Amino acid sequence: MNRFALSRRELLFAAAALAFVAATSLAAFLFLAWRVEGILAARQAAVIDAEIRFLTLVDEEEGRPVLIRTIARRLKQTNDDQPIHALIDKDNTTYLAGDVDWPPGLVADGSLREIKTFRRRHGEQVTGFGRALTLRDGAKVLVGRDRTGPSSVEQALTEVILITLAALVIVAVAFVMLLNRALLLRIDAVVTAARRIIAGNLHERVPVQGGDDEFERLSAVLNTMLDKNETHINQMRLVTDAIAHDLRLPLQRVKADLERAQRLHDESERTQAFARADAEIDDALSTFNALIEITRAQSGIGADALETIDLSTIVRDVAELFEPVAEDKQQTLATHDTPARARGQGTLLRQALGNLIQNAITFSPEGATITVSTAQNAGGTVSLIVQDTGPGIPEADRATALQPFGRLSRDKNADGKGLGLALVAACAKLHGGRLTLESAGQGLRVVMELPAAQS
Amino acid sequence: MTRRLLVIEDDQSTRDYVANGFAELGWTVERQADGREALEFAHHSTFDLIVLDRNLPGLDGLELLKSLRAAKIETPVIILSAIAHVDERVKGLRAGGDDYLTKPFHFSELHARVDVVLKRKSPAAAAMTLTCADLTMDMSTRRVTRAGREVALLPREFKLLEYFLRHQEHVVTRTMLLEQVWDYSNEPHAAIIDTHISRLRKKIDEGFEPPLLHTVRGVGYRLSKAP
Chain A
1 MNRFALSRRE LLFAAAALAF VAATSLAAFL FLAWRVEGIL AARQAAVIDA EIRFLTLVDE
61 EEGRPVLIRT IARRLKQTND DQPIHALIDK DNTTYLAGDV DWPPGLVADG SLREIKTFRR
121 RHGEQVTGFG RALTLRDGAK VLVGRDRTGP SSVEQALTEV ILITLAALVI VAVAFVMLLN
181 RALLLRIDAV VTAARRIIAG NLHERVPVQG GDDEFERLSA VLNTMLDKNE THINQMRLVT
241 DAIAHDLRLP LQRVKADLER AQRLHDESER TQAFARADAE IDDALSTFNA LIEITRAQSG
301 IGADALETID LSTIVRDVAE LFEPVAEDKQ QTLATHDTPA RARGQGTLLR QALGNLIQNA
361 ITFSPEGATI TVSTAQNAGG TVSLIVQDTG PGIPEADRAT ALQPFGRLSR DKNADGKGLG
421 LALVAACAKL HGGRLTLESA GQGLRVVMEL PAAQS
Chain B
456 MTRRLLVIED DQSTRDYVAN GFAELGWTVE RQADGREALE FAHHSTFDLI VLDRNLPGLD
516 GLELLKSLRA AKIETPVIIL SAIAHVDERV KGLRAGGDDY LTKPFHFSEL HARVDVVLKR
576 KSPAAAAMTL TCADLTMDMS TRRVTRAGRE VALLPREFKL LEYFLRHQEH VVTRTMLLEQ
636 VWDYSNEPHA AIIDTHISRL RKKIDEGFEP PLLHTVRGVG YRLSKAP
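Protein chains in written order, with this note's numbering: chain A, 1 to 455; chain B, 456 to 682.
Here it is in structure tokens:
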């Protein structure tokens, strides 16, 4: 399809707009013509008046022969007012001067009347208006105006109307086509960018010219969406790579265990090999699940899944669950739970807090104190805080610790895959909050900040 | 009386894994692979339990479940799903499922959950005194005694023991305890349960005969008079 072609709807719209503009201009022109005509008629009546008075004066002062000569002279002059003249003797028998026949039955009383007569030379009919006067000896003179054809002013006006309308139509059509073309060009830019993205160039963006019109806004929104999608896809790739990497090892071990079990004859050794394989698979699955959870968490949660939750209840429940584990390491698990109401998903928050407490227990030495608390912050947020007396995380490593597979040296010997903190960070992000790592004396202080529930 | 089970699962190896497992336990097992056909089948026959896959050809598992419940078929349903996310679990239970199990799973885990679900469906859960052999729990005074001697339990130990007493003679798995006693779902932390169990066992079994809280290797625990 021609890129300049207009759709049916556009065409209808353009035609309607055009017809409206044309009709309006035409009406304006007609009104103008009517007004001009009125002014001209008044002026012509005055001209006729002056002429007839002048001719009367000539007749009285200079005599009839001069009057006849004057009228004859008038006939030779061309005049925009298209005058007509006639002079006839008192008996209506002798035509003395002029260019039109004396209109039959015309009363020469000096008032302005319609004139209907014939031109003397070619015999054409003449219509118009004029005044007729009876001179002192009974002869009659007529001065009028020929209105048979259009006047030069009318002709000029008609020309102006036609030319203006033609220009209007041409300009309007050109304008619509240009506008259409400009729209198509900008749509093409979006389409081109979209095609490149479909072809796999995820970093491709819709061109932005820096203006502030609808297209710029659309492009900006599209680009924001594309940025977010690209981040998600890259994150997904990272996770997929990581899963592939992390699953290969346990699967390899499982394969080895199973192959060995096939060759073993001793029943108990065989059972052991199978149990090991089973444990390896469980391990791989839990890594896999954690990664899936992180990825899902990073893509957000529906608002309908959120409920108002008192974080202090979560602190009490989860601390109670982990208490015996801490006791086994002679650690103290202390709680300071002031009420702090957040909008959140209970199960996910319990899971997140469980991960933080498990980390704290694992990395703090025997006899340490782990404090779990809640806080109500200025600025409409609440916090879940877990503070330990472990080795902490050096400032430089903290950003890495929150990434999936951000394995730190302190994690090397732990059985966690370094996913714990990333999972908690993803959970915080999913709730519209954030996770920060801080130093607390010699230990680590993990703060999960969440939006407070509106009370 | 043999129990009747309907397994609705399109993946043949999972279907056989579940069906054969229960057949070995003496159940009568019917197998269905297509959602729409299975719904038809479930309408015309009665079962003690349905094991239902979440994603089915023909008709989605959750839709099938909703249709069953709408038709007032209240057979207990355990949903199997490859989707582990919390939202999905909630969706499954809201649709009328009695439990939700994530694939892959051990048969023993499924079996334990089936037992609990079948027991839950039977009445008499509101008893004020729970007993197992000479162990007694009074729900109104929150007193626990073994052989007439008072056992002092922490609130968390009380909660755990109550769950065991309500499901005595049944195997319960670690994840079941985490989910149902602590409303906590985090499989990697299932080992915490072992710590809680050893505390509880010290209090109710040490110095008494016979032991009541048994470990079922590779599966979980069971509170039972029988060894």
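For glycine and all other residues, C-beta sits at the position ideal for the given N, C-alpha and C.
As the structure is a prediction and not an experimental result, all values here were calculated from the model.
For R253 (chain A), no CB of chain B lies under 9 Å from its own CB, so it is not counted at the interface with that chain. Within the region 193-272 of chain A, no run of beta strand (DSSP E) at least 3 residues long lies entirely inside it. Residues of the region 495-519 of chain B with a C-beta less than 8 Å from any C-beta of chain A: none at all.
The contact set of Q358 (chain A) on chain B, defined by CB atoms closer than 7 Å, consists of H644 in chain order. Chain-ordered, the chain A residues with CB closer than 7 Å to the CB of N641 (chain B) read Q351 and G354.
According to DSSP, S383 (chain A) shares a beta bridge with A:A375 and A:E449.
Only those residues of the region 314-344 of chain A whose C-beta falls short of 9 Å from the nearest C-beta of chain B are listed: D317, V318, E320, L321, F322, E323, P324, V325, E327 and D328. When 8 Å is used as the limit between beta carbons, D660 (chain B) is near no residue of chain A, the shortest such separation being about 16 Å.
By the rule that beta-carbons nearer than 9 Å mark a contact, I281 (chain A) touches chain B. From the beta-carbon of D638 (chain B), the residues of chain A found nearer than 8 Å are D317, G346, T347 and R350.
If you check each beta-carbon in the region 456-483 of chain B against every beta-carbon of chain A, none falls closer than 7 Å.
Within 10 angstroms of the beta-carbon of H336 (chain A) lie fewer than 16 other beta-carbons, which makes it exposed. Annotated three-state conformation of K329 (chain A) is coil, per DSSP. Between R597 (chain B) and chain A, the shortest Cβ-Cβ separation is not below 9 Å. Under the three-state reduction of DSSP output, D397 (chain A) falls in the helix class. Contacts with chain A (Cβ-Cβ distance below 9 Å) from the region 559-572 of chain B involve P559 and H561, listed in chain order. If only complete runs of 3 or more residues are kept, the region 108-134 of chain A shows the beta strand (DSSP E) at 109-118 and 125-134, in order along the chain.
In the displayed model, K140 (chain A) falls within a strand according to three-state DSSP. The alpha-carbon separation between V569 (chain B) and Y555 (chain B) amounts to approximately 11 Å.
Per DSSP, L494 (chain B) is one residue of the alpha helix (DSSP H) stretching across G490 to H498.
Interface with chain B (9 Å Cβ-Cβ cutoff): D278 (chain A) is included. Runs of the alpha helix (DSSP H) lying entirely within the region 567-648 of chain B, each at least 4 residues long, are 610-621 and 629-637 in chain order. With respect to chain B, the C-beta atom of A425 (chain A) has no partner C-beta closer than 9 Å. In terms of beta-carbon proximity, A422 (chain A) stays away from the interface with chain B, with every pair separated by 9 Å or more. When DSSP states are grouped into helix, strand and coil, S312 (chain A) belongs to the helix group.
Between A607 (chain B) and K658 (chain B), the C-beta gap is smaller than 9 Å, which places the two residues in contact. Contact check for A567 (chain B) against T628 (chain B) passes: the beta carbons are separated by less than 9 Å.
Below the 9 Å Cβ cutoff, chain A contributes L321, F322, P324, V325, G354 and Q358 as neighbours of I647 (chain B), in chain order.
By a beta-carbon distance limit of 8 Å, R145 (chain A) contacts P83 (chain A). Their separation comes to about 6 Å.
Around the beta-carbon of A681 (chain B), fewer than 16 other beta-carbon atoms lie within 10 Å, marking it exposed. In the three-state reduction of the DSSP assignment, G354 (chain A) falls in the helix class. Residue pairing by DSSP places A342 (chain A) opposite A:I309 and A:A452 in a beta bridge. Residue pairing for Y676 (chain B): DSSP places it in a beta bridge opposite B:V627 and B:T670. The distance from the Cβ of L573 (chain B) to that of L504 (chain B) is about 7 Å, consistent with a contact at the 8 Å cut-off. DSSP lists A:G443 as the beta-bridge partner residues of A440 (chain A). Only residues of its own chain outside the window of five on either side were considered, and among them V424 and C427 have a CB closer than 6 Å to the CB of A352 (chain A), listed in chain order.
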